[in-house]
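Working notes, structure below.
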């Protein structure tokens, strides 16, 4: 089981990247995949054709409130993390074709979060073991992921826009990763569609991380997002999709691209 996460400033393309990576893995049979929408804006669901409310599913936040604030957080003989895990399996997971989906949701109500956070983290870590890949669309920083989702990531993809703030965001993220003890295999830089490729080398030199390329601009992606259509429906020759596959190849996921786009 591998855990991959995207991070970066708002609007840079994190959700698009995760959605296209998910499609790529599913098409190559690297399933099951668990998609975790940890961004409070909850954009990822729309990009992969998931409507949690219509499906009668609840966000993790809603389940936490029900479990720890509206009812007693403890039942004799049943640890909090097991209660949380049971609630997620029953009411929080949307089952798609080749993937499952959970949404963290917005902030909790007021109160002490120590027990629910620890319970949620333990539950998600056990649930994740049932999947070949876990893809996380993160909020702007990793603090919340470390506290509520996982302290270990195989690959972290930092999405960049062409701004000084984007570079500062990476530096802050690296300090957080070191400060809270997050374990990871690799951290990669990926340009959003507005990021000029010629800045890639500068990013590598200033940040000390490998630049894998950028998401190609694709008018179809913009149209699909505006229409609320799943990016899984993009044609195979979509520039954005092909660029993401190439990015994943550079990250070491070589066999998939050769099967998708034989020469």
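Residue numbers (the working numbering): 8 to 270.
Each residue gets a CB set at the ideal place from its N, CA and C atoms; glycine is no exception.
| Asked | Found |
| --- | --- |
| So what does DSSP say about residue 201, is it helix, strand or coil? | coil |
| Check residue 82 in the structure and name its three-state DSSP category. | Reliability fails at residue 82, whose pLDDT of 49 lies under 50, so the model's placement of it is uncertain and no value is given. |
| So does the region 59–72 actually touch the region 31–39, counting three or more Cβ pairs closer than 8 Å? | no |
| Which same chain residues end up closer than 6 Å to residue 154 when comparing Cβ atoms and leaving out the 5 residues on each side of it in sequence? | 124 |
| With distances taken from CA atoms, which of 107, 258, 45, 111 is nearest residue 140? | 107 |
| What number of angstroms, rounded off, separates the C-alpha of residue 128 from the C-alpha of residue 111? | 11 Å |
| Apart from the five residues just before and just after residue 82, which ones in its own chain have a Cβ nearer than 7 Å to its Cβ? | Here the model assigns residue 82 a pLDDT of 49, short of 50, so the residue's position is not dependable, and the following value carries that caveat. Here the set comprises 90. |
| Let's test the definition: count the other Cβ atoms within 10 Å of the Cβ of residue 172 and tell me whether it reaches 16, buried, or not, exposed. | exposed |
| Return the CA-CA distance between residue 10 and residue 191, expressed in angstroms with no decimal places. | 9 Å |
| In angstroms with no decimal places, state the Cα-to-Cα distance between residue 160 and residue 12. | 7 Å |
| Go ahead and label residue 186 buried or exposed: buried means 16 or more other beta carbons lie within 10 angstroms of its beta carbon, across all protein chains shown. | exposed |
| Straight-line CA distance for residue 254 to residue 223? | 11 Å |
| Between the C-alpha atoms of residue 15 and residue 87, what's the straight-line distance to the nearest angstrom? | 32 Å |
| Which residues bound the beta strand (DSSP E) around residue 111? | Neither: residue 111 is in no beta strand (DSSP E) and is coded neither H nor E. |
| For residue 88, which three-state DSSP category applies? | helix |
| Three-state secondary structure (DSSP) at residue 135? | helix |
| Going by Cα to Cα distance, which pick from 215, 202, 233, 98 is closest to residue 194? | 215 |
| May I ask which residues mark the beginning and end of the alpha helix (DSSP H) holding residue 181? | 171–187 |
| How long is the line joining the alpha carbons of residue 252 and residue 26, rounded to whole angstroms? | 12 Å |
| Quick one: give me the first and last residue of the alpha helix (DSSP H) that residue 1 is part of. | Because the chain in this structure spans residues 8 to 270, residue 1 falls outside the shown range and cannot be described. |
| Should residue 207 be labelled buried (16 or more other beta-carbon atoms within 10 Å of its own) or exposed? | buried |
| Starting from the Cα of residue 131, find the closest Cα among 113, 158, 63, 248 and give me that residue. | 158 |
| Rounding to the nearest angstrom, what Cα-Cα distance links residue 221 and residue 23 in this structure? | 12 Å |
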